[in-house]
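Encoded as structure tokens, the structure appears first; notes follow it.
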Amino acid sequence: MRRLVLATCAVLLAPEAAIAADPARGAEIYNSRCIACHAPDANRVGPKHRGVVGRAAGSVPGFAYSKALKGAGLTWDEATLDRWLADPEAFLPGQRMNFRVADPADRADLIAYLQTLR
Amino acid sequence: MSIETTRLITGMNRGETNSILTDRRALLRGAGTFGLSAAAIAVLGGCESMAASKSATAADVDILNVALGLEHEAISAYQLGAQSGLLQDPVLQVAVAFQSHHKGHRDALVATIEKLGGKPVAEQSMSDYATALNAGSLKSQADVLHLAARLEKGAANAYLGVIPTFGDKGLAQVAGRLAADETMHWTALASALGEQLPAKALTFGA
């Protein structure tokens, strides 16, 4: 019984990153919340997203970035995208996106979808 | 969509719809050079205290400029739809009415940004918008409506998403009003496309 309780607690307390992210759900979130400004293959109000994972921040040709992003000197990966999406201004003060994705599970799914845009 | 439905959606009476149709030719010639619209004055009327508020920040101006970019694109998207020849009356009338709402949003945002000491972001060329929105793929009225619905839903979510970020509560309220307009547009477009309304509550802004 004690083992069962401990095992249950271990599952309940498992880090959220351990839950597999769902790129299909991420696509739904993208098409609902990101699509106003972004597209996979075109610069719009925001830069295009194809290839964003692994790309240097502020490096899409033809897009007018904020100074904050141009000079960020970072590469977009799971960790940096998670911090960016959680609170862009806290991560890179002076940026212009300002749209937050508050739920960690939503961010994980969204990042999983962005990883499919290769 | 019937003309009566169109009037129901847009709140226009017969004279007003005729007026919109009369104005259509002017609209199709491109974005007009008119002064502040009634909508702009109305929004700004609620924001006069905001404009002088110490709580409005440079970050607020940046958010408003992103919003202005969205409005520029929305105006162009409806322009592309109207010029495509794919929209038939009364859907065309609704598109023209929605475009006028976005022009009202644009005027209000430009005036507010300027009042706050910012520089409003300029619109891009129509060809840039056509490329960005993949206008070449639009082959039917339904294609145009799907594009418009996608943009309107995204805009509603974008406005709702930035509300907590504003330093100024008056600006946050304006973002809420803009989101309400976009949601109204999406609802009408989804209805015209015969799509089901969301089964669950709280589907926007999540």
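Chains as they are written, first to last, in the working numbering: chain H, 1 to 118; chain U, 1 to 206.
Don't be surprised by glycine CBs; every beta carbon is placed ideally from N, CA and C.
A quick note: this is a predicted structure, and the numbers were derived from the prediction, not measured.
Buried or exposed: which applies to residue i, given that a residue is buried once 16 or more other Cβ atoms fall within 10 Å of its Cβ?
{"i": "G117(U)", "result": "exposed"}
{"i": "R106(U)", "result": "buried"}
{"i": "A192(U)", "result": "buried"}
{"i": "A56(H)", "result": "exposed"}
{"i": "I111(H)", "result": "buried"}
{"i": "G81(U)", "result": "buried"}
{"i": "Q196(U)", "result": "exposed"}
{"i": "T183(U)", "result": "buried"}
{"i": "P23(H)", "result": "buried"}
{"i": "S76(U)", "result": "buried"}
{"i": "E114(U)", "result": "exposed"}
{"i": "R33(H)", "result": "buried"}
{"i": "K153(U)", "result": "buried"}
{"i": "G43(H)", "result": "According to the sequence displayed, residue 43(H) carries Asn and not Gly. When all chains shown are included, N43(H) counts as buried."}
{"i": "G54(H)", "result": "exposed"}
{"i": "A90(H)", "result": "exposed"}
{"i": "A175(U)", "result": "buried"}
{"i": "I35(H)", "result": "buried"}
{"i": "T112(U)", "result": "buried"}
{"i": "G85(U)", "result": "exposed"}
{"i": "A74(U)", "result": "buried"}
{"i": "A79(H)", "result": "exposed"}
What are the boundary residues of the alpha helix (DSSP H) that residue i is part of?
{"i": "G81(U)", "result": "A58 to Q83"}
{"i": "R33(H)", "result": "Unbroken run through R33(H): none, as it is neither H nor E."}
Between the alpha carbons of residue i and residue j, how many angstroms are there, rounded?
{"i": "I134(H)", "j": "D106(H)", "result": "Residue 134(H) cannot be examined here, being either before or after the span of chain H that is shown, 1 to 118."}
{"i": "H38(H)", "j": "S59(H)", "result": "15 angstroms"}
{"i": "Q141(U)", "j": "L87(U)", "result": "5 angstroms"}
{"i": "V110(U)", "j": "P90(U)", "result": "30 angstroms"}
{"i": "T187(U)", "j": "A206(U)", "result": "17 angstroms"}
{"i": "Q83(U)", "j": "V96(U)", "result": "11 angstroms"}
{"i": "V190(U)", "j": "L92(H)", "result": "Checking the displayed sequence, the identity of residue 190(U) turns out to be Ala instead of Val. Cα-Cα distance, rounded: 37 angstroms."}
{"i": "E194(U)", "j": "L171(U)", "result": "The question names Glu, but residue 194(U) in the sequence shown is Gly. Distance between the alpha carbons of G194(U) and L171(U) is about 34 angstroms."}
{"i": "P40(H)", "j": "A64(H)", "result": "17 angstroms"}
{"i": "L145(U)", "j": "S127(U)", "result": "20 angstroms"}
{"i": "T203(U)", "j": "A156(U)", "result": "11 angstroms"}
{"i": "A21(H)", "j": "K200(U)", "result": "23 angstroms"}
{"i": "L27(U)", "j": "Q79(U)", "result": "Confidence at L27(U) is low in this model, with a pLDDT of 34, below 50, so its placement is unreliable and no value can be given for it."}
{"i": "P47(H)", "j": "G62(H)", "result": "9 angstroms"}
{"i": "A149(U)", "j": "H185(U)", "result": "8 angstroms"}
{"i": "A68(H)", "j": "P88(H)", "result": "11 angstroms"}
{"i": "N65(U)", "j": "Y129(U)", "result": "17 angstroms"}
{"i": "L178(U)", "j": "T57(U)", "result": "20 angstroms"}
{"i": "A108(U)", "j": "V45(H)", "result": "19 angstroms"}
{"i": "D103(H)", "j": "A158(U)", "result": "16 angstroms"}
{"i": "F98(U)", "j": "G161(U)", "result": "22 angstroms"}
{"i": "D227(U)", "j": "L81(H)", "result": "The question about residue 227(U) has no answer here: the residues shown for chain U are numbered 1 through 206."}
{"i": "G94(H)", "j": "L92(U)", "result": "41 angstroms"}
{"i": "Q173(U)", "j": "I63(U)", "result": "13 angstroms"}
{"i": "T131(U)", "j": "G51(H)", "result": "19 angstroms"}
{"i": "A86(H)", "j": "N31(H)", "result": "18 angstroms"}
{"i": "G26(H)", "j": "P120(U)", "result": "32 angstroms"}
{"i": "L147(U)", "j": "K139(U)", "result": "11 angstroms"}
{"i": "A108(H)", "j": "R118(H)", "result": "17 angstroms"}
{"i": "P198(U)", "j": "I19(H)", "result": "27 angstroms"}
{"i": "E123(U)", "j": "L114(H)", "result": "28 angstroms"}
{"i": "A180(U)", "j": "V94(U)", "result": "17 angstroms"}
Sorry if obvious, but does the Cβ on residue i come closer than 8 angstroms to a heavy atom of the ligand NAD?
{"i": "A72(H)", "result": "Among the components of this structure there are no ligands whatsoever, and the ligand NAD is therefore not found."}
* Three or more beta-carbon pairs under 8 angstroms between the stretch 93-105 of chain H and the stretch 161-171 of chain U, yes or no? -> Yes, since at least three Cβ pairs between the stretch 93-105 of chain H and the stretch 161-171 of chain U fall closer than 8 angstroms, the two stretches touch.
Checklist line | Within the stretch 116-189 of chain U, ranges of the beta strand (DSSP E) (whole runs, at least 3 residues) | finding: Taking only runs of at least 3 residues, no beta strand (DSSP E) segment lies wholly in the stretch 116-189 of chain U.
Complete alpha helix (DSSP H) runs within the stretch 36-110 of chain H (minimum length 4 residues, chain order) = Qualifying alpha helix (DSSP H) stretches, in chain order: 67-70, 78-86 and 88-91.
Touch check for the stretch 95-114 of chain U and the stretch 65-76 of chain U: three-plus C-beta pairs under 8 angstroms? Contact holds between the stretch 95-114 of chain U and the stretch 65-76 of chain U, because three or more Cβ pairs, one in each stretch, are under 8 angstroms apart.
**Item:** At least 3 beta-carbon pairs within less than 8 angstroms: the stretch 71-81 of chain H vs the stretch 130-149 of chain U
**Value:** Flag = no, the stretch 71-81 of chain H and the stretch 130-149 of chain U do not touch.
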